[in-house]
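Per full-length UniProt numbering, the very first residue in the sequence shown carries number 1; after that it's consecutive.
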Amino acid sequence: MKKYIIYFGILVVGLLLGWLLFGGSSNEKTDHNHDELAETNQMWTCSMHPQIMQPEPGDCPICGMDLIPAESGSDGLLADQFKLTENAMALANIQTTVVGKGNVDGNTLKLSGKIAENEEANAVQVSYFSGRIERLNVSFTGEEVRKGQLLATIYSPELYAAQQELITTASLKESQPELYKAVRNKLKLWKLSENQINQIEETQKVKENFPVYATVSGTVTEKLVEQGDYIKQGQPLLKIANLNTVWANFDVYENQIDLFKKGQEVLVTTNAYTNKEFKGKVDFIEPILNTKTRTVTLRVVLNNKNDVFKPGMFVTANIERVASSNDTVLTIPASAVLWTGERSVVYLKTSPDQTIFEMREVVLGNQIGNEYEVLEGLFIGNEIVTNGTFTVDAAAQLQGKKSMMNKDGGKVMTGHEGHLGMDNNASKKESGHTNMNERLTVSKKFQEQLKVVYNDYINLKDALVKEDSKNTSVNATSLLNNLSKVDMKLLSDNNAHTHWMSLVKEIQSSATSISKTSDIKEQRDHFKHLSSHLINAVQLFGVKEKVYVEFCPMADNNNGAYWLSKEEKVINPYFGEAMLTCGEVKQVIE
């Protein structure tokens, strides 16, 4: 019995020593297990595709990049704010600038306009007597004519009778001089010369057909009759323009009127002659405001003796700004601004020490060089994104924050989900999906003209996919030609006209750059800008068909770039065969 008591005592002592020696390490072990559990709850994401969330490290299923640890929370952020990782900032080359006041006195303002005929040098060739056109010597519009040149031959029954009357009264001029003079004067009113009248009187022969001679020199801009037509006295036959001088007409918006005055020097450039500047002066500023477009016309007369300018040609004017009493304004780089519908937006970095951003709507004034005046929305000292703006906007969309494409916030669907959201109103409502922009109301004819430009863009995009630089240039040239045929007069709405005026200049500039190079890399660089502006155009005006907005985060040195497509399948124009399917659908435009 005593032996069992000893064994029991040893067991109790052993248990007590074990608790004293290992109790603390057990707590440590428990803590360690908690750490392990926390590690197992760690989520991993892609710096370029923050919608990707996986429970363990690996590669991004979209772009193949290494996943990085996702941040555990966003405590302290306001409803419209979102945060980017330092890694994402570096990969996307996102740069910011502190807003300050810029002195704009002496800076140049840019205006976009068109070449038109000089109305002061225009003439209408008319017939001074009625009859039938036996022969028309002008074959086509655009033909050059010289003063005194034979334009047409006309048979006139009344002129025939008047000649017979002249022959009869010529024999009575001694006895009835007043009657004789009246007949001669009637023929003079029909623009018969003294020599012609004398010849009829001397030969005593009546001419059946009479010539019509050009009264001015110039270019035939419109044929108003055809051979064989019957015409009345005073009826117009041809419109003739003297193109030795032309007008360059520019639209000046209401808030810009005080910046211009008659006599200002102007430097005019055109894409047809990219390395040349043509000097002129402001000749006229329209005194009446167009209430539909809220613009006035500023006119410059240009010398055109070398036939450089063609009516209808797009031109750009660089005009020195007239100094005003407020010679300092708040300015921001043009690269910071995203245009959307009736809004202009920038991305504000809300904290100097953290990569936290939020969208900010701004009201812009004049464009001065590569900067815009800011009238409302920003203050001196604000820090805004000036490079990689589209990438920041994409991050805002994916995190359900307010963005260019999502005015009110909420999750924006992508890929197949976005497609379904567009097709099903109930799905849109449940998902919080909103359209990229509020569609402006424009005529079907304007949409059809824009669709021709869009189809040229698609052909250009397909040529880039095939790395065919020659056809890329050809399609860019075709796009430019069809862009010039888009009739701005079809846009009666002020907002529509304003946005088209700003977009057409940028589209034209990017397409011209693509058409003038055979370097596929340069073409893709310019294609990025062409795409961004054409996306805005299609969003605002529509092309009467479904359009896909697609995005590749690896394009443009990892800054990311968008493009338009007719199909949901991603075929990447920025990499071709190298990364043909890299990218995703960001939006579906109906």
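Where a beta carbon is used, it is the ideal one built from N, C-alpha and C, also for glycine.
Residues near residue i in its chain [Cβ-Cβ closer than 6 Å; skip 5 each side]
i           : result
residue 251 : 295
residue 547 : 538, 564, 589
residue 117 : 241, 311
Nearest-angstrom beta carbon gap, residue j and residue i [assumed within contact, 8 Å]
i           : j           : result
residue 357 : residue 385 : 7 Å
residue 145 : residue 220 : 6 Å
residue 564 : residue 549 : 6 Å
residue 589 : residue 538 : 6 Å
residue 471 : residue 453 : Not really, about 17 Å apart at Cβ, beyond 8 Å.
residue 387 : residue 348 : Contact doesn't hold; Cβ gap of about 15 Å is too wide.
residue 396 : residue 359 : 6 Å
residue 279 : residue 267 : 6 Å
residue 528 : residue 556 : 6 Å
residue 401 : residue 80  : 6 Å
residue 214 : residue 147 : 6 Å
residue 108 : residue 370 : Actually they are not in contact, since the Cβ atoms of residue 108 and residue 370 sit about 11 Å apart, beyond 8 Å.
residue 496 : residue 442 : 6 Å
residue 232 : residue 130 : 5 Å
residue 320 : residue 264 : 7 Å
residue 112 : residue 485 : Incorrect: roughly 16 Å between the Cβ atoms, too far for contact.
residue 234 : residue 126 : 6 Å
Straight-line Cα distance separating residue j from residue i
i           : j           : result
residue 245 : residue 575 : 47 Å
residue 536 : residue 570 : 20 Å
residue 179 : residue 173 : 8 Å
residue 562 : residue 390 : 9 Å
residue 596 : residue 259 : Residue coverage of the chain in this structure runs from 1 to 590, which leaves residue 596 outside it and unanswerable.
residue 498 : residue 338 : 15 Å
residue 181 : residue 197 : 12 Å
residue 284 : residue 110 : 17 Å
residue 501 : residue 344 : 15 Å
residue 378 : residue 242 : 50 Å
residue 581 : residue 532 : 20 Å
residue 269 : residue 261 : 20 Å
residue 226 : residue 163 : 26 Å
residue 440 : residue 492 : 11 Å
residue 85  : residue 543 : 38 Å
residue 55  : residue 68  : 11 Å
residue 404 : residue 306 : 46 Å
residue 352 : residue 560 : 24 Å
residue 95  : residue 59  : 26 Å
residue 451 : residue 554 : 29 Å
residue 100 : residue 282 : 32 Å
residue 132 : residue 449 : 40 Å
residue 44  : residue 292 : 54 Å
residue 444 : residue 545 : 12 Å
Neighbourhood of residue i by C-beta, 8 Å cutoff - its chain only, sequence neighbours within 5 removed
i           : result
residue 480 : 271, 508, 511, 512, 515
residue 468 : none
residue 201 : 166, 167, 170
residue 140 : 220, 223
residue 253 : 294, 295, 498
residue 138 : 145, 151, 152, 220, 223, 238
residue 143 : 219, 220
residue 446 : 486, 487, 490, 491, 541
residue 577 : 467
Sheet register partners of residue i (DSSP bridge)
i           : result
residue 320 : 108
residue 282 : 300
residue 266 : 280, 319
residue 587 : 549
residue 294 : Paired residues: none, contrary to the question.
residue 573 : Paired residues: none, contrary to the question.
residue 238 : 125, 223
residue 252 : 296
Same chain, Cβ closer than 7 Å to residue i, five either side skipped, listed in chain order
i           : result
residue 583 : 550, 551, 552, 570, 572
residue 134 : 153, 154, 155, 209
residue 463 : 471, 472, 475
residue 375 : 363, 364, 365
residue 257 : 296
Contact with chain B by residue i, beta-carbon distance below 8 Å
i           : result
residue 245 : No chain B is present in this structure, which holds just one protein chain.
Heavy atom of the ligand HEM within 7 Å of residue i beta-carbon
i           : result
residue 473 : Looking at this structure, you won't find the ligand HEM or any other ligand, since it has none at all.
Cβ contact (3+ pairs, closer than 8 Å) linking the stretch 157 to 167 and the stretch 182 to 198: Of all C-beta pairs linking the stretch 157 to 167 to the stretch 182 to 198, three or more are shorter than 8 Å, placing the two stretches in contact.
The stretch 471 to 479 / the stretch 235 to 245 touching (three or more Cβ pairs under 8 Å): no
Validate contact between the stretch 293 to 308 and the stretch 331 to 340 using beta carbons, cut 8 Å, 3 pairs: No, the stretch 293 to 308 is not in contact with the stretch 331 to 340.
Three CB pairs or more closer than 8 Å across the stretch 215 to 234 and the stretch 116 to 135: Contact annotation: the stretch 215 to 234 touches the stretch 116 to 135, with at least three C-beta pairs closer than 8 Å.
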